[in-house]
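A short worksheet on the structure shown next.
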Amino acid sequence: MTKRQFPRPLEILDLMKFKKPELNGKRRRLNAALTIVDLRAIAKRRTPTAAFDYTDGAAEGELSLSRARQAFEDIEFHPRVLRDVSAVDTSTTIFGGPSALPFGIAPTGFTRLMQTEGEIAGASSAGAHGIPFTLSTLGTSSIEAVKAANPDGRNWFQLYVMRDREISYELTRRAAAAGFDTLFFTVDTPVAGSRLRDKRNGFSIPPQLTPGTILNALPRPWWWWDFLTTPKLEFASLSSTGGTVGALLDSAMDPTISFKDLDVIRGMWPGKLVIKGVQSVDDAKALAKAGVDGIVLSNHGGRQLDRAPIPFHLLPDVVKAVGADVEVTLDTGIMNGADIVASIALGARFTLVGRAYLYGLMAGGRAGVDRAIEILAGEVVRTMKLLGVHSLAELEPAHVTQLERLIPRAR
Ligand SMILES: Cc1cc2nc3c(=O)[nH]c(=O)nc-3n(C[C@H](O)[C@H](O)[C@H](O)COP(=O)(O)O)c2cc1C
């Protein structure tokens, strides 16, 4: 029989631990987000459907993206125990410089469309957390503005080699002059992928006021207020080139790009040169032979070729094929710090996050990006400790296996 007593007022008082209420709505919202998936839910509530879907969506049936995420979910970790993990070091070096964490911010176009603080929020938050920021050719903040937002941190520039080569060469020179230390030449976009959500939403840049978008705007007045009271949305690095948005976009993708362009860019760029969008072992080998400093195993977040290889599955073979001189970075599908840790264990030197950062941006501007980075960083640290490792260098393939579901079949 349980012995009972009268409740004692002092004991009740002891249990009553009311937290000071958070009066700042944005802070309250962001503090409640414990995962990137939580940030995505906030982002979806606060962003007009067309802009949210432009970010969240991928090409065709969106299989490349969902498979890449599934592959990360299918990771099984193999921890070691009794290793005193009171202190872990998450820092690394990548493309000739430091990063406090094994991930950086991926290049994304139209970023101010998602939330008007855009690249400035990304670059300043990256700088504050000691990780690199990558500006897209189709960015909505200029090379110089990004440098001003992240003056002491590392800025990288992503290049589309455009039909009018002189535009791309000029951007390359500007990025070098502004002190950007690494150039990402994106090669998985000879033509635009087919983003069906955008077509169905009648997505346009700038967003157009139609009866549909006005109705959609009603529950999201702050987004529109922000949009209408801040500087005009434009391709900041390209604004001096003239032409309409459509013409610019069309000229950004050139189906004739080839290894010859690589040689030209190599000749112009003084820093590290990285090829983004590599999706085969043979291409990785050819690029290593061509003398690039790094490659990004990526299918562009599933936004180009649908049913593309899963970068995480390609990783071990590519790392083996290119050797130590080429630093292999991976993106597509990262939603959790554990995905990052697993990638490092299988030989990636570094990873990039696209949507994970953009969900944070849409959820709360700069503070939302901070939250996204903190969530991922917390997951990286916790996963490393639970695996029993003290540094990224201690992570090894034996820490990770894949559950059967999405293993590529033998050819
Ligand atoms: C909204 C959006 C815009 C993007 N724009 C570019 C771009 O301009 N240039 C580029 O090389 N990659 C671009 N990407 C691809 C990212 O750099 C990165 O490869 C991808 O987002 C990684 O997948 P994740 O979103 O699952 O992290 C874009 C991705 C998104 C989501």
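Just remember that our numbering sits 348 ahead of the position in the sequence shown, which is counted from 1.
Glycine included, each C-beta is placed from N, C-alpha and C at the ideal position.
Here the structure is a predicted model, which means the values were calculated and not measured.
Grouping DSSP H, G and I as helix and E and B as strand, with all else coil, what is residue i?
i: Thr731; result: helix
i: Phe575; result: helix
i: Thr459; result: helix
i: Ser552; result: coil
i: Glu359; result: helix
i: Phe505; result: strand
i: Ile643; result: strand
i: Val433; result: coil
i: Ile453; result: strand
i: Glu675; result: strand
i: Ser739; result: strand
i: Glu424; result: strand
i: Val748; result: strand
i: Arg376; result: helix
i: Val539; result: coil
i: Lys637; result: helix
i: Pro369; result: coil
i: Lys547; result: helix
i: Ala407; result: coil
i: Arg753; result: helix
Considering Cα atoms alone, identify which of the options is closest to residue i.
i: Val666; options: Val535, Pro618, Ser691 and His648; result: Ser691
i: Phe451; options: Leu413, Lys668, Gly409 and Thr677; result: Thr677
i: Phe698; options: Ala638, Ile479, Thr561 and Arg545; result: Ile479
i: Arg719; options: Ala380, Leu371, Ala435 and Pro355; result: Ala380
i: Leu743; options: Leu751, Gln750, Val728 and Arg753; result: Val728
i: Val429; options: Glu752, Gln750, Val622 and Thr731; result: Thr731
i: Gly409; options: Ala715, Gly649, Ile390 and Val748; result: Gly649
i: Pro579; options: Val674, Asn647, Asp602 and Gly466; result: Gly466
i: Asn564; options: Thr395, Arg352, Ala389 and Leu740; result: Thr395
i: Ala746; options: Ile423, Thr397 and Ile723; result: Ile423
i: Pro446; options: Arg714, Val717, Ala656 and Asp500; result: Asp500
i: Thr456; options: Asp679, Phe420, Thr749 and Leu734; result: Asp679
i: Gly671; options: Thr397, Val640 and Ser606; result: Val640
i: Leu751; options: Gln353, Ala419, Leu413 and Arg352; result: Ala419
i: Asp546; options: Ala398, Ala704 and Ile390; result: Ala398
i: Phe533; options: Gly702, Val701, Thr459 and Phe505; result: Phe505
i: Asp529; options: Arg356, Lys620, Asp609 and Arg614; result: Lys620
i: Ser628; options: Ser739, His661, Val622 and Asp654; result: His661
i: Leu610; options: Tyr707, Ala638 and Leu596; result: Ala638
Provide the residue span of the alpha helix (DSSP H) that contains residue i, from first to last.
i: Ile468; result: Gly466 to His477
i: Ser414; result: Leu411 to Glu421
i: Thr385; result: Here residue 385 turns out to be Val, not Thr, going by the sequence shown. Counting along the chain, the alpha helix (DSSP H) containing Val385 begins and ends at Ile384 to Arg394.
i: Val666; result: Pro659 to Val670
i: Thr561; result: Pro559 to Ala565
i: Met364; result: No alpha helix (DSSP H) contains Met364, which DSSP labels as neither H nor E.
i: Phe607; result: Phe607 to Met616
i: Gly519; result: Sequence check: residue 519 is Leu here, not Gly. Its alpha helix (DSSP H) spans residues Arg513 to Ala525.
i: Thr403; result: Thr397 to Asp404
i: Lys761; result: Because residue 761 is not part of the residues shown, which for the chain are 349 to 759, the question remains open.
i: Lys760; result: Look at the range of the chain in this structure, 349 to 759, and you will see that residue 760 is not part of it.
Identify, in the order they occur along the chain, each residue of the same chain with its Cβ nearer than 8 Å to the Cβ of residue i, setting aside the five sequence neighbours on each side.
i: Arg417; result: Gly681 and Met683
i: Ser585; result: Leu483, Thr485, Gly487, Ser490, Ile491, Leu519 and Arg522
i: Glu370; result: Arg376 and Asn379
i: Gly527; result: Lys495 and Asn503
i: Asp574; result: Gln463 and Thr464
i: Pro618; result: Ala524
i: Val385; result: Met683
i: Gly470; result: Ile453, Thr459, Phe481, Tyr705, Leu709 and Val717
What first and last residue would you give for the beta strand (DSSP E) that runs through residue i?
i: Ser447; result: Gly445 to Ser447
i: Thr534; result: Thr530 to Thr534
i: Thr440; result: Thr440 to Ile442
i: Gly625; result: Lys620 to Val626
i: Thr482; result: Phe481 to Leu483
Tell me which same chain residues have a C-beta within less than 6 Å of the C-beta of residue i, skipping the five on either side of it?
i: Val626; result: Ala632, Ile643 and Leu645
i: Gly541; result: Ala407, Arg651 and Gln652
i: Ile468; result: Ser489 and Ala497
i: Leu724; result: Gly685
i: Asp404; result: none
i: Ile658; result: Arg415, Ala416 and Ala419
Excluding the 5 residues flanking residue i on each side, which residues of the same chain have their C-beta closer than 7 Å to its C-beta?
i: Ala448; result: Thr438, Ser439, His477, Gly478 and Ile479
i: Tyr517; result: Met616
i: Ile442; result: Glu675, Arg697 and Phe698
i: Lys374; result: Gly712 and Ala715
i: Lys733; result: Val433 and Val436
Within the present structure, is the beta-carbon of residue i separated from the nearest heavy atom of ligand 3 by less than 7 Å?
i: Thr397; result: Ligand 3 is not among the ligands present in this structure, which contains only ligand 1.
Task: Continuous beta strand (DSSP E) assignments of at least 3 residues falling wholly in the region 681-732 - done: Correct list: 698-701.
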